[in-house]
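Q: One structure, pasted below without further comment.
Residue numbers (the numbering used here), protein chains in the order written: chain W, 395 to 787; chain U, 395 to 787.
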């Protein structure tokens, strides 16, 4: 593993990760504070990445994202390949310029979306043939095409093409087969990747089976990726099942110098638990999606703003919150906007949940910096418990 | 008329209007530069008021409005009476606090909406009985209730309850009857209005008939209103018909010291023409509505951003425009957002058309200030001609 890593000279690496505060020697937590330097800026970890599927985080502008505290966002390779097309974005100067976001971006590989199409796709060792969800047209993704699309988009971090499977409802044979294919594709993704100012992360699969998960982690960690994604979780598994699989992977990666990114996790309780188990990076549509449905996250739990009780409530959604919504407007006003189906409702609610999530991560980082994470864990869990009810809904 | 005006001491007036540059003595234009001081600030005229029907200008935040240059907005009494309710807004501290807008607001009387309900309303001399467009429930508006609702909302300017009729398709008898009723209701609105920090504007009706229009202007100008609305236009009439009716009203009001507000007009060509004929204030949903449909206004005419030709166009919608859209994003990006039905599309497009409209009014004011309006008229008309094509679509 170390020899493979040595092939890339550190000084020219497009992703320089430094662990500023390692987990304590007493083993009370695997949580760590880090700093990830990318082409477009520095990302402090643990960190949450808002999802900008169509080169826009739904309802927000780049200024809204900056104000919420986002330092890195994720964009979806599958969606941008189909519309407006990666070659078009490349001609227009790349994804950063296209969406006017000058901070780091990570693109996923499209594997999750393509493989999730169910009846509309067919997987073989060479790649995946699928039908577009937009117009039913036929397409084929291979590791090489996924990398080419991501190089055209020009994100700071690209991700190897993989085959995730539903962790809890897949047979061991299916999980093993998908992991085998993911490993083949990891090597082909690495071989295909040329863009020098773009990092490439590999993806660990292996479902919930400790043996398969460990085997996958060992295989992917042995390749010269710039970071390690833990895929195939945040699916249909329980939190306890996820914890076991996560611990297996992190234990294998314990002495690995690269950042760990758990794909697809978004509720505050889940984020906190995964940080505690040693994860550095996260992404999810959850905070934004529930916001557009009128669910606001606060330290005291969720608010469903469509509930009649808020129609006359002149308090902000969260006292002392610095977001656009809470600084200016009452619960009653937001309730009115949702009832009237006014567009401003979705922006204000998304600003709040995004600010809440990013502030929660910042508080986690502050406790890691001051060495009080383990001591703060019960208080952080209490805050997350209110929010945890959201994730379960 | 002057005696009626004298009943209100000038120093305590909730609307102090000053004509800074009167129309030139040569009669080449009736356009004038003015300054209207209201409870929440000063409005330079000629001025356009964005429409915030449900206590929000669709797709924009108060910051967006300020950045676009809005100094006064309009909110709809009918809509806010039905939802969330004027008493609720009053309990929550009034409309300004409710929607976090600290600059002037004008509320209309609800007359236009109530009378536009067609089969769902019945008009008599006492008021209008109508069914809610939201749930079919029965309601009755009278001049007294309209004023009570507007006092509860607490706008800087309230408007007398009136009965507009479609100007071109109504019989002379219907127009005369509606004007008679509007005059009755003007007096009752004045008698009912008590809120000291709120101005009250009267509404001139009289359709397209010069005699009825002049009679209505004379009657309403004889009452101690703080400003004069010219209603019952911007409907099914031609621009030429509107011009005739407008000239009749403005001629009658020539020596009147109060601001003139033409209700419901919004295309740049129409605004320019009405300024030229002596109008000070305007409102319309047009710039925002066409923006949400993907029509962008520029000095060279309209852009329908859904047109395939813009998919690869990396230029801003309008070169040199200071708006949120043009400062940051390409036509190609906006075209993508509209195709993907992303919420940011509607905000960006609305920011542009609103900025364009308010900048156009600012340029008109600048030419009035420098005494070059008549000289600039052909250039302003050329810019509006591109935009005029929009208003005709």
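Glycine is no exception: its CB is placed at the ideal position from the N, C-alpha and C atoms.
Would you list the residues sitting across from residue 435 of chain U in a DSSP beta bridge?
A: What you label residue 435 of chain U is simply residue 41 of the second chain in a count that begins at 1. DSSP, once it has assigned bridges, lists U:432 as partnering residue 435 of chain U.
Q: According to the neighbour-count rule (16 or more other Cβ atoms, all chains shown, within 10 Å of its Cβ), is residue 610 of chain W buried or exposed?
A: On the first chain, position 216 is the one that residue 610 of chain W refers to. When all chains shown are included, residue 610 of chain W counts as buried.
Q: Across the region 694–707 of chain W and the region 519–527 of chain W, are there enough close Cβ pairs to call them in contact, namely three or more that are closer than 8 Å?
A: The answer is no - the region 519–527 of chain W does not touch the region 694–707 of chain W, with fewer than three Cβ pairs under 8 Å.
Q: Please list, in chain order, the residues of the region 706–728 of chain W that have any C-beta partner in chain U closer than 8 Å.
A: Listed in sequence order: 706, 708, 718, 722, 723, 724, 726, 727.
Q: Relative to the C-alpha of residue 417 of chain W, which residue among W:738, W:486, W:649 is closest?
A: Mapped onto the first chain, residue 417 of chain W falls at position 23. Of the candidates W:738, W:486, W:649, the one whose C-alpha sits nearest the C-alpha of residue 417 of chain W is W:649.
Q: So, are the CB atoms of residue 429 of chain W and residue 442 of chain W less than 9 Å apart?
A: Indexing the first chain from 1 puts residue 429 of chain W at position 35. Indexing the first chain from 1 puts residue 442 of chain W at position 48. Contact flag unset, no.
Q: Closer than 9 Å, CB to CB, is residue 448 of chain W near chain U or not?
A: As a working note, residue 448 of chain W is residue 54 in the first chain. So yes, residue 448 of chain W belongs to the interface.
Q: Below 9 Å on C-beta distance, what does residue 452 of chain W contact in chain U?
A: Translated into the one-based positions of the first chain, residue 452 of chain W becomes position 58. Neighbours of residue 452 of chain W on chain U, chain order: 736, 737, 738.
Q: Round the Cβ separation of residue 681 of chain U and residue 660 of chain U to the nearest angstrom and send it over; I've been treating them as touching at under 8 Å.
A: For the purposes of this step, residue 681 of chain U is taken as the residue at position 287 of the second chain. For the purposes of this step, residue 660 of chain U is taken as the residue at position 266 of the second chain. That belief holds up - the Cβ atoms of residue 681 of chain U and residue 660 of chain U are roughly 6 Å apart, short of 8 Å.
Q: How about residue 487 of chain U: is its C-beta nearer than 9 Å to some C-beta of chain W?
A: What you label residue 487 of chain U is simply residue 93 of the second chain in a count that begins at 1. Residue 487 of chain U counts as touching chain W.
Q: I want to verify the contact list: residues of chain W whose CB lies under 7 Å from the CB of residue 731 of chain U, in sequence order.
A: For the purposes of this step, residue 731 of chain U is identified with residue 337 of the second chain, where counting begins at 1. Residues of chain W passing the Cβ test: 450.
Q: Taking residue 633 of chain U as part of the alpha helix (DSSP H), name the residues at either end of that continuous run.
A: As a first step, residue 633 of chain U is located in the second chain; it is residue number 239 there, counting from the start. Taken as a continuous stretch (DSSP letters only), the alpha helix (DSSP H) holding residue 633 of chain U covers 633–646.
Q: Apart from the five residues on each side of it in sequence, which residues of its chain come closer than 7 Å, Cβ to Cβ, to residue 532 of chain W?
A: For the purposes of this step, residue 532 of chain W is taken as residue 138 along the first chain, with counting starting at 1. Answer for residue 532 of chain W: 523, 525, listed in chain order.
Q: Below 6 Å CB to CB, which residues in the same chain sit around residue 452 of chain W once its five sequence neighbours on both sides are set aside?
A: Mapped onto the first chain, residue 452 of chain W falls at position 58. The answer, listed in chain order, is 682.
Q: Scan the region 487–505 of chain W for residues whose Cβ lies nearer than 9 Å to a Cβ of chain U and list them as they occur along the chain.
A: For the region 487–505 of chain W, which is checked against every Cβ of chain U, the residues closer than 9 Å are 487, 491, 492, 493, 494.
Q: Return helix, strand or coil for residue 533 of chain U, following the three-state DSSP convention.
A: Your numbering for residue 533 of chain U matches position 139 in the second chain. DSSP places residue 533 of chain U in strand when its eight states are reduced to three.
Q: Is it right to say residue 793 of chain W is buried, meaning 16 or more other beta carbons lie within 10 angstroms of its own, or is it exposed?
A: There is simply no residue 793 of chain W to check, as chain W begins at 395 and stops at 787 in what is shown.
Q: So, does the region 484–494 of chain U touch the region 533–553 of chain U, judging by three or more C-beta pairs under 8 Å?
A: Output reads yes: the region 533–553 of chain U touches the region 484–494 of chain U.
Q: Going by Cα to Cα distance, which pick from W:558, W:496, W:467, W:499 is closest to residue 508 of chain W?
A: Taking the first chain and counting its residues from 1, one reaches residue 508 of chain W at position 114. It is W:558 whose Cα lies nearest to the Cα of residue 508 of chain W.
Q: Check whether chain W comes within 9 Å of residue 688 of chain U, counting only Cβ atoms and requiring the distance to be less than that.
A: Walking along the second chain from the start, residue 688 of chain U turns up at place 294. Residue 688 of chain U does not count as touching chain W.
Q: Would you give the residue range spanned by the alpha helix (DSSP H) that residue 579 of chain U belongs to?
A: Translated into the one-based positions of the second chain, residue 579 of chain U becomes position 185. 566–586 is the extent of the alpha helix (DSSP H) around residue 579 of chain U.
Q: Could you please give me the residues that DSSP links to residue 652 of chain U through a beta bridge?
A: Translated into the one-based positions of the second chain, residue 652 of chain U becomes position 258. Answer is none; residue 652 of chain U lacks a bridge partner.
Q: Residue 482 of chain U versus chain W: which residues are under 9 Å apart at the beta carbon?
A: If you number the second chain from 1, residue 482 of chain U lands on position 88. Residues of chain W passing the Cβ test: 705, 706, 726, 730.
Q: Relative to the alpha-carbon of residue 748 of chain U, which residue among U:408, U:565, U:446, U:434 has its alpha-carbon at the smallest distance?
A: Stepping through the second chain from its first residue, residue 748 of chain U is reached at position 354. Out of U:408, U:565, U:446, U:434, U:446 has the C-alpha closest to the C-alpha of residue 748 of chain U.
Q: What did DSSP end up calling residue 399 of chain W once you bin it into helix, strand or coil?
A: Sequence index remark: in the first chain, residue 399 of chain W carries index 5 (1-based). With a pLDDT of only 45 at residue 399 of chain W, under the threshold of 50, the placement of this residue in the model should not be trusted, and no figure is reported.
Q: Quick check: what's the CA-CA separation for residue 725 of chain U versus residue 497 of chain W?
A: One-based indexing of the second chain puts residue 725 of chain U at position 331. One-based indexing of the first chain puts residue 497 of chain W at position 103. So the alpha carbons of these two residues sit roughly 22 Å apart.
Q: Between residue 531 of chain W and chain U, is any beta-carbon pair separated by less than 9 Å?
A: Reading the first chain from its first residue, position 137 is the one you call residue 531 of chain W. No, residue 531 of chain W lies away from the interface with chain U (no Cβ there is under 9 Å from its Cβ).
Q: Would a C-beta distance cut-off of 9 Å place residue 461 of chain W and residue 745 of chain W closer than the cut-off?
A: For the purposes of this step, residue 461 of chain W is taken as residue 67 along the first chain, with counting starting at 1. For the purposes of this step, residue 745 of chain W is taken as residue 351 along the first chain, with counting starting at 1. For residue 461 of chain W and residue 745 of chain W, yes; Cβs fall inside 9 Å.
Q: Counting pairs of beta carbons, one from the region 607–624 of chain U and one from the region 570–577 of chain U, are three or more of them closer than 8 Å?
A: Contact between the region 607–624 of chain U and the region 570–577 of chain U is present, because at least three Cβ pairs lie under 8 Å.
Q: Near residue 688 of chain W, what residues of its chain come up, given a Cβ to Cβ distance below 7 Å and the 5 sequence neighbours on each side ignored?
A: As a position in the first chain, residue 688 of chain W is number 294, starting the count at 1. So the qualifying residues of the chain are 698, 699, 700, 732, 743.
Q: Taking C-beta pairs closer than 9 Å, name the residues in chain U that residue 477 of chain W reaches, listed in chain order.
A: Taking the first residue of the first chain as position 1, residue 477 of chain W is located at position 83. Near residue 477 of chain W (Cβ distances below 9 Å), the residues of chain U are 730, 733, 734.
Q: Among the candidates U:756, U:766, U:422, whose CA atom is the shortest distance from the CA of residue 665 of chain U?
A: On the second chain, position 271 is the one that residue 665 of chain U refers to. Per the Cα distances, U:756.
Q: Alpha carbon to alpha carbon, how far is residue 420 of chain W from residue 654 of chain W?
A: Reading the first chain from its first residue, position 26 is the one you call residue 420 of chain W. Reading the first chain from its first residue, position 260 is the one you call residue 654 of chain W. Distance between the alpha carbons of residue 420 of chain W and residue 654 of chain W: 21 Å.
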